[in-house]
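Trainee: For what it's worth, full-length UniProt numbering labels the leading residue of the sequence shown as 1, then goes sequentially. Just so it is clear, CB atoms sit at the ideal spot from N, CA and C, and this is done for glycine as well.
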Amino acid sequence: MQIIKVKDYEEMSKKASDILSDKLKGKPKLVLGLATGSTPEGLYKLLIEQYKNNEISFKQAKTFNLDEYVGLDRQDSNSYYYYMNNQLFKHIDIPLEQTNIPNGIATDSDKECSDYEKLIKEQGGIDIQLLGMGLNGHIGFNEPGTPFTSRTHVVTLDESTRQANARFFDSLDDVPTNAITMGIETIMDSKEIVMLVSGEAKASTLQQVIQGEVTKDVPATILQRHPNVTIIADEAALSKVR
Ligand SMILES: N[C@@H]1[C@@H](O)[C@H](O)[C@@H](COP(=O)(O)O)O[C@@H]1O
1 MQIIKVKDYE EMSKKASDIL SDKLKGKPKL VLGLATGSTP EGLYKLLIEQ YKNNEISFKQ
61 AKTFNLDEYV GLDRQDSNSY YYYMNNQLFK HIDIPLEQTN IPNGIATDSD KECSDYEKLI
121 KEQGGIDIQL LGMGLNGHIG FNEPGTPFTS RTHVVTLDES TRQANARFFD SLDDVPTNAI
181 TMGIETIMDS KEIVMLVSGE AKASTLQQVI QGEVTKDVPA TILQRHPNVT IIADEAALSK
241 VR
């Protein structure tokens, strides 16, 4: 596990965009795993800037998002499909058919999950997976207690996660109760993982992720067992690591 300590959110985003753009320059057909939430927003802005300055192109890249809420269609401004389009895809040159996000309104959600796994395999697996981390240590939407052997599946969201994400919705009642997420094993199959963590609120969870025992109770602790993980975190997030 490589830890890169940066001063603040801006530096975290810059460091992450440097890493991702270098990968893309080295391998234009990169298979990129993407994340949502507030954490990667700064990174996406910087990638758009680099694209506009003709430094990088996503024309040949493929993307796979970690997760999607169940029950929100693509036009819903809280769907991760909408988020990705708004925050990144519509500003860069990636053909939309090369982007993949689980379909939250699939009638057969089990089939949607197994098809998603197949698609990832067909592309030769994920070269580099970007992660954020929930307050309770969730990655994707793999909540505490999720088996480490899980593949893409439907989950029931923790009440704490619904509350944390309620800030994006009109009210807590509007936050979906379920989501489709890549499983922990799906994430761990990525050749490389970059996790971004910012802010004091996540400091004690991040301390466990880096220095604690590997436990299902804090899903991100599994990253200790991945051979190629980089955590880019700011001083506030790393304030409990001694
Ligand atoms: N499913 C997403 C995760 O992929 C994300 O990492 C997490 C943290 O969000 P934030 O970056 O807003 O703190 O929230 C959501 O629950």
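1) Measure the beta-carbon distance from F169 to V155 and round it to whole angstroms, keeping in mind my assumption that it falls under 8 Å.
2) Taking the CB atoms as reference points, tell me whether T221 and E213 lie closer together than 8 Å.
3) Could you tell me if the beta carbon of F141 falls within a distance shorter than 7 Å of some heavy atom in ligand 1?
4) So what's V218 in DSSP terms, helix, strand or just coil?
5) Three or more beta-carbon pairs under 8 Å between the stretch 105-113 and the stretch 17-27, yes or no?
6) How is the beta strand (DSSP E) around E192 delimited, first residue to last?
7) Within the same chain, show all residues whose beta-carbon is closer than 8 Å to that of K90, passing over the 5 residues directly before and after it, in chain order.
8) Run through the stretch 141-188 for me and flag every whole alpha helix (DSSP H) of 4 or more residues, listed as ranges in chain order.
9) Whole-angstrom Cβ separation of E235 and K5, contact assumed at under 8 Å?
10) How close, in whole Å, do the beta carbons of I187 and I128 come, if the pair is a contact with beta carbons under 8 Å?
11) Less than 8 Å between the CB atoms is what I'm expecting for L88 and Y44, so what's the real figure, rounded?
12) Could you work out which residue in D173, T215, S150 and Y80 is closest to M182 when comparing CA atoms only?
13) Quick test of your reading: T161 and N136, contact by CB under 8 Å. State the CB separation rounded to the nearest angstrom.
14) For the candidate residues D174, F148 and H153, whose alpha-carbon lies nearest to that of E159?
15) Given 7 Å as the limit, tell me if T36 has its C-beta closer than that to any heavy atom belonging to ligand 1.
Mentor: With the given structure in hand:
1) Against the sequence shown, residue 169 aligns to sequence position 169. Against the sequence shown, residue 155 aligns to sequence position 155. The Cβ separation is near 18 Å, so there is no contact.
2) Taking the sequence shown and counting its residues from 1, the one referred to as residue 221 is at position 221. Taking the sequence shown and counting its residues from 1, the one referred to as residue 213 is at position 213. The answer is yes: Cβ separation under 8 Å.
3) Counting from one through the sequence shown, the residue named residue 141 turns up at place 141. Within the cutoff, so yes.
4) Here residue 218 is taken as the residue at index 218 of the sequence shown, counted from 1. Here V218 sits in coil by DSSP.
5) no
6) Locating residue 192 in the sequence shown gives position 192, counting from the first residue. Start and end: E192 to V197.
7) Along the sequence shown, read from residue 1 onward, the residue named residue 90 stands at position 90. Counting only Cβ-Cβ distances below 8 Å, and skipping sequence neighbours, we find nothing.
8) 159-165 and 184-188
9) If you number the sequence shown from 1, residue 235 lands on position 235. If you number the sequence shown from 1, residue 5 lands on position 5. Rounded, the Cβ-Cβ distance is 7 Å, consistent with contact.
10) Here residue 187 corresponds to residue number 187 of the sequence shown, with the count starting at 1. Here residue 128 corresponds to residue number 128 of the sequence shown, with the count starting at 1. Wrong, their Cβ atoms sit about 12 Å apart, outside the cutoff.
11) Stepping through the sequence shown from its first residue, residue 88 is reached at position 88. Stepping through the sequence shown from its first residue, residue 44 is reached at position 44. Rounded, the Cβ-Cβ distance is 5 Å, consistent with contact.
12) The residue you call residue 182 lines up with position 182 of the sequence shown. For the residues D173, T215, S150 and Y80, the minimum Cα distance to M182 belongs to S150.
13) For the purposes of this step, residue 161 is identified with residue 161 of the sequence shown, where counting begins at 1. For the purposes of this step, residue 136 is identified with residue 136 of the sequence shown, where counting begins at 1. Sure, about 7 Å apart at Cβ, within 8 Å.
14) In the sequence shown, residue 159 corresponds to position 159, counting from 1. Distances from the alpha-carbon of E159 to those of D174, F148 and H153 put D174 closest.
15) Along the sequence shown, one-based indexing puts residue 36 at 36. Yes - ligand 1 has a heavy atom lying nearer than 7 Å to the Cβ of T36.
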